[in-house]
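Chemist:
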Ligand code: GRF
């Protein structure tokens, strides 16, 4: 007969299992299908070409994801037209609302939850999300950044990289946290800077790369391939060559 564990031993066991859980959190527990899609809310502020790339990948049957809400930080964002065309529920907030960021965050968290979103996907969303949203979707908020983080953080990453004369820049998809462009990196794709590039031609290739990388990351999250180690802040992706 095995001996009853002491209180200390029991506590150690609980701590160990808490750590193991915290260390390796699968971002999605079951492989999703078109009949059981991963539900996402997409946050935009402008053109919405990344939103479009996601919608196109869903349409093509390549991505078992459902966009349950498009939320814009600007009522005039062109991306809202893309959402309307796709028949996706949408809403926008205005400057007035953002005067109190807490109010905006509360609306965002509530709306995303009410629409059943499992993930918040920022695609050109030009506002910082606060604790209300991040705590409501812990490690379930994604962002795309047009540079190879941690280089060239901020709102002018393409210009900054071009002006710095780097030979390689690229695109990063990462988890969002309370600091701009600082969460755990999920995936990156390099883009070479050519001798004859202008900022515009470089930007066009970066956008093309974004439109492939974001759906690719979502596909792997939907497949249950993505694990975040919350202790090291590193992300592992199974089947990353697919
Ligand atoms: C993208 O370059 C994205 O990386 C950055 O904002 C841009 C949004 O483009 N955060 P779009 O609205 O998806 O066309």
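In my numbering, the protein residues as written are 560 to 801. The beta carbon of each residue, even a glycine, is placed where N, CA and C say it ideally should be.
1. Quick one: is residue 728 buried, meaning 16 or more other Cβ sit within 10 Å of its Cβ, or exposed?
2. Span of the beta strand (DSSP E) holding residue 627?
3. Just to confirm, does residue 744 get its C-beta within under 6 angstroms of one of the non-hydrogen atoms of the ligand GRF?
4. If you draw a straight line from the alpha carbon of residue 696 to that of residue 708, how long is it in whole angstroms?
5. With a cut-off of 8 angstroms on the beta carbons, I'd call residue 786 and residue 776 a contact; round off their distance for me.
6. Kindly confirm or deny that the region 645-662 and the region 703-719 touch, where touching means at least three C-beta pairs closer than 8 angstroms.
7. At the level of alpha carbons, what is the spacing between residue 743 and residue 645?
8. Have a look at residue 690 and residue 678 and give me their C-alpha separation to the nearest angstrom.
9. Which residues in the same chain as residue 719 place their Cβ atom closer than 8 angstroms to its Cβ, once the five residues preceding and following it in sequence are excluded?
10. Below 7 angstroms between beta carbons: does that hold for residue 598 and residue 625?
11. Do residue 750 and residue 731 have their CB atoms nearer than 7 angstroms?
12. For residue 792 and residue 722, I'd like the C-alpha separation in whole angstroms.
13. In this structure, does DSSP put residue 751 in helix, strand or coil?
14. State the beta-bridge partners of residue 637 as determined by DSSP.
15. Assign residue 683 to one of two classes, buried (16 or more other C-beta atoms within 10 Å of its C-beta) or exposed (fewer than that).
Modeler: Short version:
1. Position 169 of the chain shown, counted from the start, is the residue given in the question as residue 728. Answer is buried; the Cβ neighbour count reaches 16.
2. Mapped onto the chain shown, residue 627 falls at position 68. Note, residue 627: beta strand (DSSP E), 624-631.
3. What you label residue 744 is simply residue 185 of the chain shown in a count that begins at 1. No, the ligand GRF has no heavy atom inside 6 angstroms of this Cβ.
4. On the chain shown, residue 696 is found 137 positions in, with the first residue counted as 1. On the chain shown, residue 708 is found 149 positions in, with the first residue counted as 1. If I take the Cα positions, the gap works out to 23 angstroms.
5. Along the chain shown, read from residue 1 onward, the residue named residue 786 stands at position 227. Along the chain shown, read from residue 1 onward, the residue named residue 776 stands at position 217. About 13 angstroms separates the two Cβ atoms, so there is no contact after all.
6. no
7. As a position in the chain shown, residue 743 is number 184, starting the count at 1. As a position in the chain shown, residue 645 is number 86, starting the count at 1. Their backbone Cα atoms lie some 31 angstroms apart in a straight line.
8. Position 131 of the chain shown, counted from the start, is the residue given in the question as residue 690. Position 119 of the chain shown, counted from the start, is the residue given in the question as residue 678. Their Cα atoms are separated by approximately 15 angstroms.
9. Here residue 719 is taken as the residue at index 160 of the chain shown, counted from 1. So the list reads 706, 711, 713, once near-sequence residues are dropped.
10. In the chain shown, residue 598 corresponds to position 39, counting from 1. In the chain shown, residue 625 corresponds to position 66, counting from 1. The answer is yes: Cβ separation under 7 angstroms.
11. Here residue 750 is taken as the residue at index 191 of the chain shown, counted from 1. Here residue 731 is taken as the residue at index 172 of the chain shown, counted from 1. Their beta carbons are not under 7 angstroms apart, which means residue 750 does not touch residue 731 by this criterion.
12. Translated into positions along the chain shown, residue 792 becomes position 233. Translated into positions along the chain shown, residue 722 becomes position 163. Cα atoms of residue 792 and residue 722: separation of roughly 30 angstroms, rounded to the nearest angstrom.
13. Indexing the chain shown from 1 puts residue 751 at position 192. In this structure, residue 751 counts as strand in the three-state DSSP scheme.
14. Your numbering for residue 637 matches position 78 in the chain shown. Its beta-bridge partners do not exist; DSSP assigns none.
15. Taking the first residue of the chain shown as 1, we reach residue 683 at position 124. It counts as buried.
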